[in-house]
Amino acid sequence: MKFYPAQRADRPGTFRSRPVFLDDPGFALFLNALPDAVALVERDGRIRMVNLAFERLVAASRADLLGTELSRLARSCGEIMRDTAAALARLQRHQGEFITPSGKPASLGLTLLRSGDGPPYAGLLVLREQAAGGAEREFRFATAKVGAGDLVFEGEYKVVRDQARKALAAGLATLILGETGTGKTALISHLLGSDPTFPLVHVPCRQLTEQNFDRDMFGGLPAPGAEAWSRGYVAQAEGGTLFLDGVDDLSPALQARVLAMLEAPGAWRGPGPAARPLALALVATSSRPLEATGPDLPPFRADLRFRLSGATLHLPALRDEPAMREAVMQRLLSRLNARRDRPLSLSPSFLARMRAHDFPGNIRELENIVGQAGVLAETTATAEHFTAQSSPPDPAHYLRGPGAEHTGASLKEQVQSFEDWVIASALALHRSKRSAARALGIDVATLIRKTSRNLYPPNKETET
Numbered sequence: 001m002k003f004y005p006a007q008r009a010d011r012p013g014t015f016r017s018r019p020v021f022l023d024d025p026g027f028a029l030f031l032n033a034l035p036d037a038v039a040l041v042e043r044d045g046r047i048r049m050v051n052l053a054f055e056r057l058v059a060a061s062r063a064d065l066l067g068t069e070l071s072r073l074a075r076s077c078g079e080i081m082r083d084t085a086a087a088l089a090r091l092q093r094h095q096g097e098f099i100t101p102s103g104k105p106a107s108l109g110l111t112l113l114r115s116g117d118g119p120p121y122a123g124l125l126v127l128r129e130q131a132a133g134g135a136e137r138e139f140r141f142a143t144a145k146v147g148a149g150d151l152v153f154e155g156e157y158k159v160v161r162d163q164a165r166k167a168l169a170a171g172l173a174t175l176i177l178g179e180t181g182t183g184k185t186a187l188i189s190h191l192l193g194s195d196p197t198f199p200l201v202h203v204p205c206r207q208l209t210e211q212n213f214d215r216d217m218f219g220g221l222p223a224p225g226a227e228a229w230s231r232g233y234v235a236q237a238e239g240g241t242l243f244l245d246g247v248d249d250l251s252p253a254l255q256a257r258v259l260a261m262l263e264a265p266g267a268w269r270g271p272g273p274a275a276r277p278l279a280l281a282l283v284a285t286s287s288r289p290l291e292a293t294g295p296d297l298p299p300f301r302a303d304l305r306f307r308l309s310g311a312t313l314h315l316p317a318l319r320d321e322p323a324m325r326e327a328v329m330q331r332l333l334s335r336l337n338a339r340r341d342r343p344l345s346l347s348p349s350f351l352a353r354m355r356a357h358d359f360p361g362n363i364r365e366l367e368n369i370v371g372q373a374g375v376l377a378e379t380t381a382t383a384e385h386f387t388a389q390s391s392p393p394d395p396a397h398y399l400r401g402p403g404a405e406h407t408g409a410s411l412k413e414q415v416q417s418f419e420d421w422v423i424a425s426a427l428a429l430h431r432s433k434r435s436a437a438r439a440l441g442i443d444v445a446t447l448i449r450k451t452s453r454n455l456y457p458p459n460k461e462t463e464t
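Take 1 as the starting number for the sequence shown in full-length UniProt numbering and just add one per residue.
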């Protein structure tokens with residue numbers, strides 16, 4: 001059985017399609033020393049090499065496995081093997097769970113192997129039995145997970161996470177919608193950002209312009225006279241995922257450029273006149289539905305929207321998910337206390353303010369509020385340490401016309417309430433008193449004095 005012939009690497013612009021160590025007999029000994037079941041699979045789906053652990057796990061001998069199409073293992077291991085073979089044909093990573101012939105649950109992961117900047121030359125299939133007791137183990141090639149232990153998924157957030165995992169595994173272009181601060185980028189990093197062999201390339205769409213689009217997306221010479229060709233976002237994402245973050249920030253002209261790029265996904269520009277083959281997955285985020293229009297909201301191209309939304313998922317607002325809100329708050333508090341000499345606790349009055357708040361900034365705002373409480377409070381955060389009000393103020397609340405309901409608050413109290421809200425919003429946004437004071441056009445001493453009046457209100461019984 002022939003694997004893939006090595007191409008000559010002694011001429012400029014050529015590359016070796018596979019490393020020479022694959023033909024070394026010592027490499028087979030190395031595979032046998034691995035604790036996980038490992039197989040090297042050709043791009044046409046035929047098994048090239050297996051280790052002893054793989055033979056034991058799939059209950060088949062090396063002689064029966066070598067040269068066999070991976071999809072044939074579906075007879076003993078289930079349909080996941082056919083799905084994995086299909087993913088390899090599309091040059092996409094795949095992962096999932098299945099039941100071994102011995103009846104044990106196991107995880108499966110397929111990643112692509114490549115030499116340098118060349119195209120993928122094979123797939124590495126790793127099977128791993130799950131821990132005793134049915135503990136759920138998620139397959140990862142990397143030794144460290146991105147944000148492991150810091151992310152929380154409860155309620156509808158957990159549903160969206162599982163749906164996104166299925167959509168990405170199926171190779172669908174996935175569009176994730178959600179208000180600002182709902183954790184769209186963190187979710188994508190959680191699902192795709194922990195495998196260095198399967199690159200996740202983040203493209204901040206708001207930084208793209210008509211002038212830098214070609215250079216940033218496709219690469220180019222960074223300066224006149226430079227010899228090194230810089231790789232663009234698209235080339236970096238080969239064999240992995242191109243993450244278009246904030247596609248609703250694209251101007252109509254840039255939408256047309258992105259659409260033209262996606263309509264010809266089989267090639268990308270690089271050094272030299274010839275196009276290079278490309279295979280990548282696509283994921284995008286938006287803070288608004290792309291079909292929404294308004295006076296200050298230009299329409300988004302329908303043809304590009306259809307390209308991006310093979311699967312469209314919605315992350316809910318934090319105010320609509322109390323279970324998620326509580327879980328995130330507890331996680332943030334635990335992380336904060338890990339860095340404090342004296343742990344911080346949240347009083348019932350602080351929790352009441354938190355549960356009544358509508359969180360227009362969602363998870364990002366909750367992080368700011370908990371972090372600010374850790375700065376202002378010594379050991380117990382009270383209502384006075386909650387640095388946001390329940391909702392943005394309505395100007396009509398402060399302009400009491402005829403017939404308006406009167407709450408009994410004086411003009412001074414209403415003006416001070418509005419001022420407190422403006423200051424709290426600036427602190428939550430800028431995360432430092434100096435920056436907030438600069439944005440508000442006041443000096444830091446004034447800001448500190450105005451915030452201190454909430455922490456240490458005057459004793460009205462002693463006032464004259």
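We put the CB at the ideal spot given by N, CA and C, even for glycine. Since we're looking at a predicted model, the values are computed, not measured.
* What's the C-alpha gap between Arg-340 and Gly-155? -> One C-alpha to the other measures close to 30 angstroms.
| request: Spell out a yes or no on whether the stretch 98 to 111 and the stretch 123 to 131 are touching, meaning 3 or more CB-CB pairs, one atom from each, closer than 8 angstroms. | output: With a cut-off of 8 angstroms, the stretch 123 to 131 and the stretch 98 to 111 count as touching, because enough Cβ pairs lie within range.
Would you please state the rounded distance, in angstroms, between the beta carbons of Leu-309 and Leu-175? I believe it to be under 8 angstroms. According to the sequence as given, residue 309 is Ser; it is not Leu. Contact annotation, Ser-309 with Leu-175: C-beta distance approximately 4 angstroms; criterion of less than 8 angstroms satisfied.
For the stretch 168 to 208, which segments carrying the alpha helix (DSSP H) assignment without a break, of at least 4 residues, lie completely within its bounds, in sequence order? Scanning the stretch 168 to 208 from its first residue to its last, the whole alpha helix (DSSP H) runs of 4-plus residues come out as 184 to 192.
Are Leu-318 and Thr-182 touching if we call contact CB-CB under 8 angstroms? In contact: Leu-318 and Thr-182 (Cβ atoms closer than 8 angstroms).
Residue span of the alpha helix (DSSP H) that contains Arg-331, given as start and end: 322 to 337 is the span of the alpha helix (DSSP H), which, as asked, contains Arg-331.
Q) For chain D, is any of its Cβ atoms less than 8 angstroms away from the one on Gly-441? A) In the structure shown, chain D does not exist; there is a single protein chain.
* Asked: Which class does Ser-71 belong to by DSSP, given the choice of helix, strand or coil?
  -> Residue state, collapsed to three classes: helix.
Those residues which DSSP pairs with Leu-282 across a bridge | Note: Leu-282 sits in a beta bridge opposite Leu-242.
What's the C-alpha gap between Gln-414 and Asn-337? Cα to Cα, Gln-414 sits roughly 36 angstroms from Asn-337.
Measuring straight from C-alpha to C-alpha, what distance separates Thr-380 and Ala-439?
C-alpha separation (whole angstroms): 30 angstroms.
**Asked** Along the chain, where does the alpha helix (DSSP H) that runs through Arg-307 open and close?
**Response** Start and end: 302 to 308.
With DSSP as the reference, identify every bridge partner of His-385, one or two as the case may be. Partner(s): none; His-385 has no beta bridge.
Taking only the alpha-carbon atoms, compute the straight-line gap between Ser-334 and Phe-218 and give it to the nearest angstrom.
Looking at the two C-alpha atoms, the distance is approximately 43 angstroms.
(Q) Classify Asp-248: buried if its beta carbon has 16 or more other beta carbons within 10 angstroms, exposed otherwise. (A) The residue in question, Asp-248, is buried, as its Cβ has 16 or more Cβ neighbours within 10 Å.
Option in Asp-303, Leu-280 and Leu-313 with minimal Cα separation from Ala-87 = Here the closest residue by C-alpha is Leu-280.
> Between the stretch 196 to 211 and the stretch 237 to 254, do at least 3 Cβ pairs fall closer than 8 angstroms?
Replying inline: By the Cβ criterion, the stretch 196 to 211 is in contact with the stretch 237 to 254, since at least three pairs of Cβ atoms, one from each stretch, lie closer than 8 angstroms.
Q | Contacts around Ser-71, its chain only, beta-carbon distance under 7 angstroms, and the 5 residues preceding and following it disregarded | A | Within the same chain, Cβ atoms closer than 7 angstroms to the Cβ of Ser-71 are found at Gly-45, Met-81, Arg-82 and Ala-85, the five residues on either side in sequence being excluded.
When the distance is taken between beta carbons, is His-94 closer than 8 angstroms to Ala-173?
The answer is no: Cβ separation not under 8 angstroms.
Which same chain residues end up closer than 6 angstroms to Val-159 when comparing Cβ atoms and leaving out the 5 residues on each side of it in sequence? By the criterion of a C-beta distance shorter than 6 angstroms, Val-159 is surrounded by no residue of its chain, once the five residues flanking it on both sides are discounted.
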